[in-house]
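K.L.:
Protein chains in written order, with our numbering: chain H, 1 to 222; chain R, 1 to 222. Even for Gly, the Cβ is constructed at its ideal location relative to N, Cα and C.
Protein chains: 2
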Amino acid sequence: MTIRLLIVDDQELIRTGLRLILETQEDFEVVGEAADGREALARAEELRPDVVLLDIRMPRMDGVETTAHLTADGPTPPPRVLILTTFDLDEYVFGALRAGAAGFLLKDASRERLIEAIRVLHAGDALLSPSVTRRLVEAFAGRIRPPTPPGLLNALTPREREVLVLVARGLSNTEIAGRLVVTEATVKSHLGAVLAKLGLRDRVQAVVLAYENGVVVAGEPA
Amino acid sequence: MTIRLLIVDDQELIRTGLRLILETQEDFEVVGEAADGREALARAEELRPDVVLLDIRMPRMDGVETTAHLTADGPTPPPRVLILTTFDLDEYVFGALRAGAAGFLLKDASRERLIEAIRVLHAGDALLSPSVTRRLVEAFAGRIRPPTPPGLLNALTPREREVLVLVARGLSNTEIAGRLVVTEATVKSHLGAVLAKLGLRDRVQAVVLAYENGVVVAGEPA
DNA sequence: CCGTCCCTCCCCCCGGGGGTGGAGGACAAC
DNA sequence: GTTGTCCTCCACCCCCGGGGGGAGGGACGG
Numbered sequence: 001m002t003i004r005l006l007i008v009d010d011q012e013l014i015r016t017g018l019r020l021i022l023e024t025q026e027d028f029e030v031v032g033e034a035a036d037g038r039e040a041l042a043r044a045e046e047l048r049p050d051v052v053l054l055d056i057r058m059p060r061m062d063g064v065e066t067t068a069h070l071t072a073d074g075p076t077p078p079p080r081v082l083i084l085t086t087f088d089l090d091e092y093v094f095g096a097l098r099a100g101a102a103g104f105l106l107k108d109a110s111r112e113r114l115i116e117a118i119r120v121l122h123a124g125d126a127l128l129s130p131s132v133t134r135r136l137v138e139a140f141a142g143r144i145r146p147p148t149p150p151g152l153l154n155a156l157t158p159r160e161r162e163v164l165v166l167v168a169r170g171l172s173n174t175e176i177a178g179r180l181v182v183t184e185a186t187v188k189s190h191l192g193a194v195l196a197k198l199g200l201r202d203r204v205q206a207v208v209l210a211y212e213n214g215v216v217v218a219g220e221p222a
Numbered sequence: 001m002t003i004r005l006l007i008v009d010d011q012e013l014i015r016t017g018l019r020l021i022l023e024t025q026e027d028f029e030v031v032g033e034a035a036d037g038r039e040a041l042a043r044a045e046e047l048r049p050d051v052v053l054l055d056i057r058m059p060r061m062d063g064v065e066t067t068a069h070l071t072a073d074g075p076t077p078p079p080r081v082l083i084l085t086t087f088d089l090d091e092y093v094f095g096a097l098r099a100g101a102a103g104f105l106l107k108d109a110s111r112e113r114l115i116e117a118i119r120v121l122h123a124g125d126a127l128l129s130p131s132v133t134r135r136l137v138e139a140f141a142g143r144i145r146p147p148t149p150p151g152l153l154n155a156l157t158p159r160e161r162e163v164l165v166l167v168a169r170g171l172s173n174t175e176i177a178g179r180l181v182v183t184e185a186t187v188k189s190h191l192g193a194v195l196a197k198l199g200l201r202d203r204v205q206a207v208v209l210a211y212e213n214g215v216v217v218a219g220e221p222a
């Protein structure tokens, strides 16, 4: 069973270069090429490739937007999208992954890695350049900037930290009191201690601090 | 310049196997071994390895907790942690990455990939097994996606969105009024509209929603 | 045993924030 | 012109949330 490929890049030289590399593999078949995003969508619809190799920087429609269309309202089942680019800028990486890309390789990758990436994607997994993986891991771990974890945060008592988390979930003092099975007066004094220790004005700033320092993380369930 | 390695696994067979593989590389030096997490922490403190190969399942202290100690309150600079495990269960993967691991390989990986991973980690980047990469990408794309991006948020007028952002920065109505050069009354009515449209109770919940839906992003400057 | 820390709770005060119900002007669309 | 939306602002009321200041009991360590 062959893997059907669509190559999308605005530079013809790159396209043919890729085609030559990829056609060395018996089970690869380059079914088409496209020079920009719009054309890529049309080709994908008509040729039903398994994997689409996509450049980020293209006229008319860039790679991120193209990815979004391919994975959202494109052919069903959607093709696997492998981003190929010279730049690993954050906005590209995160944008592309958010849009549904399954792979992200820099153009300085070896041909072996490119071929491996296509096989990996076709198998349903994902493969990224090491530097991209690093960014993603860092973003996930949220440890890119842990500015105040030990300094101020561990000045809080366990109970105070607990209150802070609930405040950061958007709960009112009454609700927090209910959740912790104490009176509202207690919650207020705990929260008062938190604000004083962290040098904050009100609970709103406490919420901001909680998110900025990873006390709570966007996307995690309560 | 050699790369100093510490091998941590509760099974001696695995440890010596790894050692044999790794010592084929001229620039690798296995400086020590440990059979569990506690021992690993002590060895790391004394031997200062560049990269620690860590099994997840170990007696006394598991790999995730060990990772957290190594990267947080361990030696400075902290070693790069490469998780080696037979299982790619979600709780392991996410826990380890959150704790500060830079790599995550399944034990069925080829020796070439293992060696490559160590080099990549030592260079400051990250490397994961394809299946793990897939989970991470999905978690990343899926987490920040589904909440309420267009549905409710684009019901807001530009001005209302602007107010929401400032609220999410922790500003009071008076401060927002100053920033936008309007009266506080105006800010209040805008904010009132935001709360009504989004079905929120108070500005605190607005902050939470802003973070959860990417209206503002932790770590971004104001 | 006594000091310290933490958790718990109370009272009083009051200011900011949110809810209600408007009103007027600018501007685009119909 | 008329309608609608958006931005701007006003007055009023009320209550939650935060500050001040204090107090009692349990746990822990010196």
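Under 7 Å between beta-carbons, which chain H residues line up against Val187(R)? List them in chain order, please.
P.N.:
Residues of chain H passing the Cβ test: none, with the nearest at roughly 14 Å.
K.L.:
Starting from the beta carbon of Leu164(H), find every residue of chain R whose beta carbon is closer than 9 Å, and list them in chain order.
P.N.:
Within chain R, no C-beta atom comes nearer than 9 Å to that of Leu164(H); the closest sits roughly 12 Å away.
K.L.:
Please confirm if Arg169(H) has its CB atom under 8 Å from at least one CB of chain R.
P.N.:
Chain R contact via Cβ: present.
K.L.:
Is the shortest distance between the beta-carbon of Arg161(H) and the beta-carbons of chain R less than 8 Å?
P.N.:
no
K.L.:
Whose C-alpha, out of His122(R), Asp9(R), Met58(R) and Leu5(R), is nearest the C-alpha of Ala44(R)?
P.N.:
Here the closest residue by C-alpha is Leu5(R).
K.L.:
Identify which residue in Pro130(H), Leu22(H) and Gly214(H) has its Cα closest to the Cα of Ala126(R).
P.N.:
With distances taken between Cα atoms, Ala126(R) lies closest to Pro130(H).
K.L.:
Which partner residues of Gly32(R) appear in the DSSP bridge assignment?
P.N.:
Leu6(R)
K.L.:
Could you tell me whether the Cβ of Ser231(R) comes closer than 8 Å to any Cβ of chain H?
P.N.:
Nothing can be reported for residue 231(R): it is not among the residues displayed for chain R, which extend from 1 to 222.
K.L.:
Bridge partners of Gly192(R), per DSSP?
P.N.:
Partner(s): none; Gly192(R) has no beta bridge.
K.L.:
Would you mind listing the beta strand (DSSP E) stretches within the segment 53-79 of chain R that are 3+ residues and don't spill past its ends, in chain order?
P.N.:
none
K.L.:
Within the same chain, show all residues whose beta-carbon is closer than 8 Å to that of Val207(R), passing over the 5 residues directly before and after it, in chain order.
P.N.:
Val167, Ala168 and Gly170
K.L.:
Going by the CB atoms, is the gap between Arg161(R) and Leu121(R) shorter than 8 Å?
P.N.:
no
K.L.:
Comparing C-alpha positions only, which one of His69(H), Arg19(H), Thr174(H) and Val52(H) sits nearest to Phe272(H)?
P.N.:
Within the shown structure, residues of chain H are numbered from 1 to 222, placing residue 272(H) beyond reach of any answer.
K.L.:
For chain R, is any of its Cβ atoms less than 8 Å away from the one on Thr133(H)?
P.N.:
yes
K.L.:
Given Ala177(R), which residues of its chain have a CB within under 8 Å of its CB, disregarding the five upstream and five downstream residues?
P.N.:
Counting only Cβ-Cβ distances below 8 Å, and skipping sequence neighbours, we find Thr183, Glu184, Thr186 and Val187.
K.L.:
If distances are taken between C-alpha atoms only, which option among Thr133(H), Ala117(H) and Gln205(H) comes closest to Leu22(H)?
P.N.:
Ala117(H)
K.L.:
In angstroms, rounded to a whole number, what distance separates the CA positions of Val31(R) and Arg48(R)?
P.N.:
9 Å
K.L.:
For the segment 186-214 of chain H, which residues have a CB atom closer than 7 Å to at least one CB atom of chain R, in sequence order?
P.N.:
Arg203, Val204, Gln205, Val207, Val208, Tyr211 and Glu212
K.L.:
Express the C-alpha separation of Asn173(H) and Val132(H) in angstroms, rounding to a whole number.
P.N.:
42 Å
K.L.:
Does Pro149(R) get closer than 8 Å to chain H when you measure Cβ to Cβ?
P.N.:
No answer about Pro149(R) holds up, because its pLDDT of 49 lies below 50 and its placement is not dependable.
K.L.:
Can you find a C-beta in chain H that's less than 8 Å from the C-beta of Ala102(R)?
P.N.:
yes
K.L.:
Taking 8 Å as the threshold (beta carbon to beta carbon), is Leu136(H) in contact with chain R?
P.N.:
yes
K.L.:
Leu164(R) to Ala155(R), Cα distance in whole Å?
P.N.:
13 Å
K.L.:
Name the chain R residues whose beta carbon is nearer than 7 Å to that of Asp125(H)?
P.N.:
Pro130, Ser131, Thr133 and Arg134
K.L.:
CA-CA distance, Met58(H) and Leu128(H)?
P.N.:
21 Å
K.L.:
Under 8 Å between C-beta atoms, does Leu97(H) make it to chain R?
P.N.:
yes
K.L.:
Give me whichever residues DSSP pairs with Ile83(H) in a beta bridge.
P.N.:
Leu54(H) and Phe104(H)
K.L.:
Measuring CB to CB, does Ala42(R) end up less than 8 Å from Val8(R)?
P.N.:
no
K.L.:
Quick one: is Glu112(H) buried, meaning 16 or more other Cβ sit within 10 Å of its Cβ, or exposed?
P.N.:
That one is exposed.
K.L.:
Could you tell me whether any Cβ in chain H is nearer than 8 Å to the Cβ of Ile3(R)?
P.N.:
So no, Ile3(R) is outside the interface.
K.L.:
In three-state terms, what does DSSP make of Gln25(H)?
P.N.:
coil
K.L.:
Could you work out which residues of chain H lie near Ala40(R), taking near to mean beta carbons separated by less than 7 Å?
P.N.:
In chain order: nothing, as chain H lies at least about 20 Å away.
K.L.:
What's the call for Thr157(H), buried or exposed, on a 16-neighbour Cβ count within 10 Å?
P.N.:
With fewer than 16 other beta carbons inside 10 angstroms of its own, Thr157(H) counts as exposed.
K.L.:
Using the C-alpha atoms, what's the distance from Gly37(R) back to Leu20(R)?
P.N.:
Leu20(R) and Gly37(R): Cα-Cα distance of roughly 22 Å.
K.L.:
Tell me Leu128(R)'s beta-bridge partners as DSSP assigns them.
P.N.:
Phe104(R)
K.L.:
Along the chain, where does the alpha helix (DSSP H) containing Leu156(R) start, and where does it finish?
P.N.:
That residue, Leu156(R), is in no alpha helix (DSSP H); it is neither H nor E in DSSP.
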